[in-house]
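Mapping of the sequence shown onto our numbering: position 57 corresponds to residue 319, and the numbering continues sequentially without gaps. Below is one structure, written out as structure tokens; comments come after it.
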Amino acid sequence: MRENIELTFTYWDGYDFYEITGCCHYINHDQKQFNVKNKEKIYYITFDQITNIRRQTIHY
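Here's what the structure looks like:
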């Protein structure tokens, strides 16, 4: 969060896995969710939905 690094969140919703790439804008401990912001919008992903989080590789 502090370095504004892009992360890819893989999460389970309903009957399928989804991936969102963006910056973790805020971690809400009370509601147990990540606020992930990308170029399009802000996604609210609960802790129990997340199956994987990985850092985007930087290619120079």
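Note that the Cβ used here is the ideal one computed from N, Cα and C, for glycine as well.
Cβ pair residue i, residue j closer than 8 Å
i, j, result
"Thr313", "Tyr273", "yes"
"Val298", "His287", "yes"
"Tyr275", "Gln318", "Contrary to the premise, residue 275 reads as Asp rather than Tyr in this sequence. The answer is no: Cβ separation not under 8 Å."
Buried or exposed by the 16-neighbour rule on C-beta atoms within 10 Å, applied to residue i
i, result
"Ile267", "exposed"
"Ile307", "buried"
"Phe279", "exposed"
"Phe309", "exposed"
Per DSSP, the bridge partner or partners of residue i
i, result
"Phe271", "Ile282, Ile315"
"Gln293", "DSSP, once it has assigned bridges, lists no residue as partnering Gln293."
"Tyr305", "Val298"
"Tyr288", "Asn297"
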